[in-house]
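**Q** Once you know that position 133 of the sequence shown is 133 in the UniProt record's numbering, the rest is easy, because the numbers rise by one and skip nothing.
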Amino acid sequence: MDYLTHTRLSFFLLLIAISLGKLQAATPHASDKPSQASPAGGPITFRSPLAKAFVVPQRLPGVDFPIQQSYAGRLNIATDPKQTAEAFFWMIPADNARGSKHVTMWINGLHACSSLYGAFRGSSPITMSLEGGKPVKNPYSWTRSSNVIYLDVLPKVGFTRGTYSVKGSSDVGVLVVNFLKSFLKVFPEMNGLNLFLAGYSLSGTYATYAAQKIYAQQSQLGLKLQGMLLMNALIAA
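(1) Taking the CB atoms as reference points, tell me whether S48 and F187 lie closer together than 8 angstroms.
(2) Give the secondary structure of A40 by DSSP, where H, G and I count as helix, E and B as strand, and everything else as coil.
(3) Per DSSP, A72 forms a beta bridge with which residues?
(4) Which one of T79, R59 and F46 has the shortest CA to CA distance from G162?
(5) Quick one: is K213 buried, meaning 16 or more other Cβ sit within 10 Å of its Cβ, or exposed?
(6) Do V55 and S114 come within 8 angstroms of each other at the CB atom, strictly closer than that value?
(7) Grab me the residues of L175's own chain with a C-beta within less than 6 angstroms of its C-beta, minus the 5 sequence neighbours each way, in chain order.
(8) How do the segment 219 to 229 and the segment 121 to 138 stand: do at least 3 beta-carbon pairs fall below 8 angstroms, yes or no?
(9) Can you find the residues in the same chain that come closer than 6 angstroms, C-beta to C-beta, to V166, ignoring five residues on each side of it along the sequence?
(10) Could you give the uninterrupted runs of the alpha helix (DSSP H) lying entirely in the segment 165 to 195, keeping only those of 4 residues or more?
(11) Please report whether the beta-carbon of I149 lies at a distance below 8 angstroms from any beta-carbon of chain D.
(12) Between the C-alpha atoms of T84 and S182, what's the straight-line distance to the nearest angstrom?
(13) Figure out for me which residue from N178, P57, N108 and G62 has the closest Cα to the Cα of G133.
(14) Helix, strand or coil: how does DSSP classify L225 here?
(15) So, for F88: in the same chain, excluding its five sequence neighbours on each side, which residues have a beta-carbon less than 6 angstroms away from its beta-carbon?
(16) Where do the N-terminal and C-terminal ends of the alpha helix (DSSP H) with Y150 fall, by residue?
(17) Leaving out the 5 sequence neighbours to the left and right, which residues in its chain are closer than 8 angstroms to V177 when beta-carbon positions are compared?
(18) Span of the beta strand (DSSP E) holding K137?
(19) Which same chain residues end up closer than 6 angstroms to A119 when comparing Cβ atoms and leaving out the 5 residues on each side of it in sequence?
(20) Compute the distance between the beta-carbons of M190 and V103, then report whether it is under 8 angstroms.
(21) Looking at A94: is its Cβ nearer than 8 angstroms to the Cβ of N147?
(22) In this structure, does DSSP put A51 in helix, strand or coil?
(23) Count the other CB atoms within 10 Å of the CB of P43; is the residue buried (16 or more) or exposed (fewer)?
(24) Strictly by DSSP, which residues pair up with T127?
Rendered as structure tokens:
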């Protein structure tokens, strides 16, 4: 990526931050309403009052085309009730009913790099043009085949918030599980879906530990862990 494209991408992420600036962190309670099935031929419909607090405008600043309804904000991931720890997520529902059966969670690999960087590099409905760095529609968006969650869970990365810290990759796995527990309370329609973890570089380690933690608590989470997609992965014990 050249300097101009990098600069425009950074500016675009700033616009996204402004757009999402009013979203509040939440410690959701379980929804009293039953999950709603996907309408025939369409994506999942999220009807929980909790989900409405995370709605993102379909027209984003600096983007001259709308995308499907998406959801973003912060959720509590603290393991200690006295601790402040809030992960940031951006969830983009699948384009169709077939893709709505799956959810793919992207965890960026570098310590100081938000998962939004990965989102705009080829997997979300928005990507950056190689000529001028302008946001354009992505015909190869992963949302053609799956719901997609872009997750910032490491402290001081992206839009995460709090005073928490991690001592190792195993701690990251715990935080990912904590996020999923909070997430499914806001979006109960996701219960029972096939879960895939994806990422690159250090995500090879983070996602592996997260997968182990998720598998150990799969019956409690209500998600069916199916596999991982790791690109240029670094895997270490």
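By construction, the Cβ of each residue, glycine as well, lies at the ideal position given by its N, Cα and C atoms.
**A** Answer, in terms of the structure:
(1) Yes, Cβ-Cβ distance for S48 and F187 is below 8 angstroms.
(2) Caution is warranted here: a pLDDT of 46 is assigned to A40, below 50, making its placement in the model unreliable, and the coordinate value is therefore given only provisionally. In the structure shown, A40 sits in coil (DSSP, three-state: anything other than H, G, I, E or B).
(3) DSSP lists W90 as partners of A72.
(4) Nearest option by C-alpha distance: T79.
(5) Buried.
(6) No, they are not a contact pair.
(7) The answer, listed in chain order, is I77 and V153.
(8) The segment 219 to 229, when compared against the segment 121 to 138, does not touch it at the 8 angstroms Cβ threshold.
(9) Taking V166 as the centre and dropping the five residues before and after it, the same chain places the C-beta of V172 closer than 6 angstroms to its C-beta, in chain order.
(10) The segment 165 to 195 contains, as complete alpha helix (DSSP H) runs of 4+ residues, the segments 169 to 186 (chain order).
(11) Here chain D cannot be found, since the structure has a single protein chain.
(12) Answer to the nearest angstrom: the Cα atoms are 14 angstroms apart.
(13) Taking G133 as reference, the option from N178, P57, N108 and G62 with the minimal CA-CA separation is G62.
(14) Looking at L225 - three-state DSSP - the assignment turns out to be strand.
(15) Closer than 6 angstroms at Cβ, skipping near neighbours: R74, D152, G158, F159 and T160.
(16) Note, Y150: premise wrong, no alpha helix (DSSP H); beta strand (DSSP E) at N147 to D152.
(17) If the five residues before and after V177 are omitted, its C-beta is found closer than 8 angstroms to the C-beta atoms of A210, K213, I214, Q217 and L221, all from its own chain and listed in chain order.
(18) In the DSSP assignment, K137 falls within the beta strand (DSSP E) that extends over P135 to K137.
(19) Counting only Cβ-Cβ distances below 6 angstroms, and skipping sequence neighbours, we find Y150.
(20) Against a cut-off of 8 angstroms, the Cβ pair of V103 and M190 comes out as a contact.
(21) Taking the C-beta atoms as reference points, N147 is found nearer than 8 angstroms to A94.
(22) A51 falls in the helix class under three-state DSSP.
(23) Around the C-beta of P43, 16 or more other C-beta atoms lie within 10 Å, and the residue is accordingly described as buried.
(24) For T127, which the question treats as bridged, DSSP gives the partners V136.
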